[in-house]
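These notes are about the structure you will find just below.
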Amino acid sequence: MQSANGAVVATEALTRSFGARRAVDGVTLSVGTGETLALFGPNGAGKTTLLRMLGGLLRPSSGKAQIGDAILPGGPEVRGRIGVISHQTLLYDALTARENVEFAARLYRVRDPRDKATEALDRMRVLDRADTPVRALSRGLRQRVSVARAIVHSPSVVLADEPFTGLDVAGAKALASLLGELRAAGAALILVTHNIDEGLGLATHAAIMDRGRLVRHEIRSAVNPSSFAREYQELVSANG
Amino acid sequence: MGELLRDAWLIARKDMSIEFRTRSAFLSAIVFALLAIVIFYFAWDATAVSAIDLAPGVLWIIFTFSGLLGMHRSFGVEQPDHAIDGLLASPVSRESIFLGKALASLVFVSAVQVIAIPAVALFYNLPIGSVAIPLAMIALLAAVGLVAVGTLFSAMAVNTRLAELLLPMLALPFFVPIVIPAAQATAKLMSGRPVGDAVGWLKLLVAFDIVFIVACTLAYPFTLEE
Numbered sequence: 000m001q002s003a004n005g006a007v008v009a010t011e012a013l014t015r016s017f018g019a020r021r022a023v024d025g026v027t028l029s030v031g032t033g034e035t036l037a038l039f040g041p042n043g044a045g046k047t048t049l050l051r052m053l054g055g056l057l058r059p060s061s062g063k064a065q066i067g068d069a070i071l072p073g074g075p076e077v078r079g080r081i082g083v084i085s086h087q088t089l090l091y092d093a094l095t096a097r098e099n100v101e102f103a104a105r106l107y108r109v110r111d112p113r114d115k116a117t118e119a120l121d122r123m124r125v126l127d128r129a130d131t132p133v134r135a136l137s138r139g140l141r142q143r144v145s146v147a148r149a150i151v152h153s154p155s156v157v158l159a160d161e162p163f164t165g166l167d168v169a170g171a172k173a174l175a176s177l178l179g180e181l182r183a184a185g186a187a188l189i190l191v192t193h194n195i196d197e198g199l200g201l202a203t204h205a206a207i208m209d210r211g212r213l214v215r216h217e218i219r220s221a222v223n224p225s226s227f228a229r230e231y232q233e234l235v236s237a238n239g
Numbered sequence: 000m001g002e003l004l005r006d007a008w009l010i011a012r013k014d015m016s017i018e019f020r021t022r023s024a025f026l027s028a029i030v031f032a033l034l035a036i037v038i039f040y041f042a043w044d045a046t047a048v049s050a051i052d053l054a055p056g057v058l059w060i061i062f063t064f065s066g067l068l069g070m071h072r073s074f075g076v077e078q079p080d081h082a083i084d085g086l087l088a089s090p091v092s093r094e095s096i097f098l099g100k101a102l103a104s105l106v107f108v109s110a111v112q113v114i115a116i117p118a119v120a121l122f123y124n125l126p127i128g129s130v131a132i133p134l135a136m137i138a139l140l141a142a143v144g145l146v147a148v149g150t151l152f153s154a155m156a157v158n159t160r161l162a163e164l165l166l167p168m169l170a171l172p173f174f175v176p177i178v179i180p181a182a183q184a185t186a187k188l189m190s191g192r193p194v195g196d197a198v199g200w201l202k203l204l205v206a207f208d209i210v211f212i213v214a215c216t217l218a219y220p221f222t223l224e225e
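The listed protein sequences derive, respectively, from chains A and B. Taking numbering that gives the first Met the number 0, the leading residue of the first sequence gets 0, the next gets one more, and so forth. Taking numbering that gives the first Met the number 0, the leading residue of the second sequence gets 0, the next gets one more, and so forth.
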């Protein structure tokens with residue numbers, strides 16, 4: 000899964016423009032096995048666009064992105080290794096939680112999709128609502144199902160865009176524990192969040208994005224949380 | 000090829016499950032079809048136009064517009080929580096997504112036809128019993144072409160603010176090469192002519208089906224570019 004230089008996810012001068020506007024502007028980063036990059040940035044900084052390119056949902060305008068040795072947007076084999084947690088749930092309202100997760104398991108060609116769906120729902124502490132249509136679930140429970148959907152195939156790369164949105168304390172704890180387990184199993188995580196404590200709590204690396212560029216990117220142990228939070232808040236206020 | 004079809008079936012089955020649960024588009028299409036038949040019936044002057052001349056046109060106008068309701072829903076079900084991103088991020092090929100959507104729409108349109116054809120026959124007092132099988136074949140062949148085109152344009156229109164308006168505007172011109180041979184073949188059968196008389200139109204219908212299925216399947220991935 001790693002590329003020749005050891006990175007699971009790597010980008011080089013990755014750029015995406017929409018018309019004249021550069022949503023992502025020359026981003027270079029790498030995330031290795033068992034590493035978590037917490038990515039912060041004000042609204043419109045380009046974080047979601049970056050994740051969409053890494054998830055194969057959007058073509059870069061220029062630059063390069065790789066998952067292992069495969070250059071994105073890759074084929075089915077590469078997409079099969081990625082788990083996408085979006086701030087949209089990616090679920091079907093009319094189907095039950097179990098049907099949604101099982102459908103995803105089948106899309107990813109998971110063996111025993113029903114059992115794996117049950118296991119994923121259990122890991123997100125939502126198994127007791129497995130047979131409830133998603134439309135009848137609260138926002139937080141939907142988010143839990145959405146996370147179960149994203150990890151049902153045990154991805155080696157997880158792209159999480161504000162995954163804690165709508166989760167209560169128990170849900171956030173279950174998600175943090177799950178992301179920790181995935182990381183311990185060797186998955187590379189990129190976590191977009193606005194919550195400094197949650198992000199830094201899970202991260203091995205932290206970065207701040209602004210106007211499409213990475214303006215700060217360093218190893219977690221070198222980050223002073225209070226100065227990092229202050230810098231981030233100043234950036235958000237300046238963009239506000 | 001096996002994976003392509005397996006994935007297409009998986010997506011089609013999911014779409015059919017959703018439609019079976021909600022029945023919103025199907026019921027709308029059936030109500031539309033029956034209302035249209037009634038309106039055409041009461042607008043019809045039997046002394047000016049015979050039922051045999053009018054019925055095929057009525058039938059195909061109804062199929063075309065009621066089918067659009069289902070095709071609009073095809074990618075519409077993916078919209079509320081951006082579920083389409085879940086499909087696109089998965090290892091399933093873009094062609095499988097298209098074929099799955101088209102297959103679900105084909106079932107939808109065929110189900111509408113199963114109700115609308117007997118209803119038209121009833122209103123216009125047409126003896127279709129003897130031509131039921133060839134008529135069903137024509138309906139199915141035409142439905143294949145309609146859903147191929149309709150599914151492609153549904154994918155294009157769904158992200159626009161005027162999707163309900165844009166889909167018919169884009170799709171209807173491409174429906175014409177399907178609807179003309181289908182209506183002509185239907186007219187020949189309903190007027191009691193032998194099936195052999197409709198073969199020329201059927202060949203044309205099959206040719207357009209093949210062209211539209213191949214072209215739309217290949218074109219679909221390009222509709223996903225942002």
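Even for Gly, the Cβ is constructed at its ideal location relative to N, Cα and C. None of the values given here were measured: they were computed from a predicted structure.
Original post:
If contact means a Cβ-Cβ distance below 8 Å, which residues of the segment 18 to 49 of chain B contact chain A?
Top reply: R20, T21
**OP:** Might you give, ordered along the chain, the residues of its own chain that have their beta carbon closer than 6 Å to the beta carbon of A:G33, omitting 5 neighbours on each side?
**Re:** R182, G185
Original post:
Does the beta-carbon distance from A:A228 to A:A37 come in below 8 Å?
Top reply: no
**OP:** Please name the residue in B:R12, B:D44, B:L58 whose C-alpha comes closest to that of B:L34.
**Re:** B:L58
Original post:
What residues from chain A crowd round B:L9, counting only those whose CB sits closer than 9 Å?
Top reply: F102, R105, L106
Original post:
Checking contacts by CB at 8 Å: is A:T88 closer than that to chain B?
Top reply: yes
**OP:** Please report how far the alpha carbon of B:L9 lies from the alpha carbon of A:T88, in whole angstroms.
**Re:** 20 Å
Original post:
Can you tell which of A:L213, A:A96, A:I218 has its C-alpha closest to the C-alpha of A:L49?
Top reply: A:L213
Subject >> Between the CA atoms of B:V91 and B:G85 - distance to the nearest angstrom >> reply: 10 Å
**OP:** Please determine, among B:L161, B:M189, B:M70, B:V198, the residue with the shortest C-alpha to C-alpha distance to B:P126.
**Re:** B:M189
Original post:
Would the beta-carbon of B:A54 fall within 8 Å of that of B:V108?
Top reply: no
Original post:
Leaving out the 5 sequence neighbours to the left and right, which residues in its chain are closer than 7 Å to A:G40 when beta-carbon positions are compared?
Top reply: K46, I207, M208, D209
Original post:
Name the chain B residues that come within less than 7 Å of A:I84, Cβ to Cβ?
Top reply: Simply none; closest approach about 10 Å.
Subject >> Contacting residues, own chain, Cβ-Cβ under 8 Å from A:E217 (five flanking each side not counted) >> reply: H204, A205, A206
Original post:
Does the distance from the CB of A:A93 to the CB of B:T21 come in under 8 Å?
Top reply: yes
Original post:
Which residues mark the beginning and the end of the alpha helix (DSSP H) in which B:I38 is found?
Top reply: 23 to 42
Subject >> Short-range partners of chain A found in the segment 74 to 86 of chain B, where Cβ spacing is below 9 Å >> reply: V76, E77, P79, D80, H81, A82, I83, D84, G85, L86
Original post:
Using a Cβ-Cβ cut-off of 6 Å (strictly less than) and excluding sequence neighbours within five positions of B:L164, which residues of its own chain qualify?
Top reply: none
Subject >> Neighbour flag for B:A88 against chain A, beta carbons, 8 Å >> reply: yes
Subject >> Counted within 10 angstroms of its Cβ, other Cβ atoms place B:L140 as buried (16 or more) or exposed >> reply: buried
Subject >> Buried versus exposed, by CB contacts within 10 Å (16 or more), A:E161 >> reply: buried
**OP:** Tell me, please, whether the CB atom of A:R81 is closer than 8 Å to any CB atom in chain B?
**Re:** Looking at the sequence provided, one finds Ile at residue 81 of chain A rather than Arg. It does; some Cβ of chain B falls within 8 Å.
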